[in-house]
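First up is the structure itself, then whatever we jot down about it.
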Amino acid sequence: MSDKFFFKGRQTPKPAYGESGYNTKRAAKLGTEALPLKLSVQTEARKVEVAEIVADKQLFANITIDADKPENIIDLSGILNKPKTVSFEAKPNRNDACPCGSGKKYKKCCGA
Numbered sequence: 483m484s485d486k487f488f489f490k491g492r493q494t495p496k497p498a499y500g501e502s503g504y505n506t507k508r509a510a511k512l513g514t515e516a517l518p519l520k521l522s523v524q525t526e527a528r529k530v531e532v533a534e535i536v537a538d539k540q541l542f543a544n545i546t547i548d549a550d551k552p553e554n555i556i557d558l559s560g561i562l563n564k565p566k567t568v569s570f571e572a573k574p575n576r577n578d579a580c581p582c583g584s585g586k587k588y589k590k591c592c593g594a
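Okay, so the sequence shown: first residue is 483 according to this note's numbering, each after it adds one.
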């Protein structure tokens, strides 16, 4: 095996698995069986409603009813309203057919 540096002597040892960029100590994802959501609601009817939402999204949650405290479903709202990735169509090259359907090259039609 060749080493990244050429010299006479011992080869450098291969780095340990954790040192090579892999995250071996990844935290559990919120809403999974290992780390369920902690939600609190004020009524039994609201608990059933929130439990239905959690089941639809295939998440795990511990829902408690406490009429004295305000409702706390911030973690669930964060998972449900996760921002979507925005993607743009690539701009056509100069010599490609124009996307407007004229049959001309892009540089002679819309790219002018």
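Note that the Cβ used here is the ideal one computed from N, Cα and C, for glycine as well.
- For Y504, the number of other beta carbons within 10 angstroms of its own is below 16, and it is reported as exposed.
- Between A579 and K587, the gap from beta carbon to beta carbon is short of 8 Å.
- Assigned with DSSP and collapsed to three states, L562 falls in helix.
- Contact between the segment 546-556 and the segment 518-533 is present, with at least three C-beta pairs closer than 8 Å.
- Proximity to L558 across E515, K520, A509 peaks at K520, based on C-alpha coordinates.
- Of the residues P565, K564, P581, the one whose Cα lies closest to the Cα of A572 is P581.
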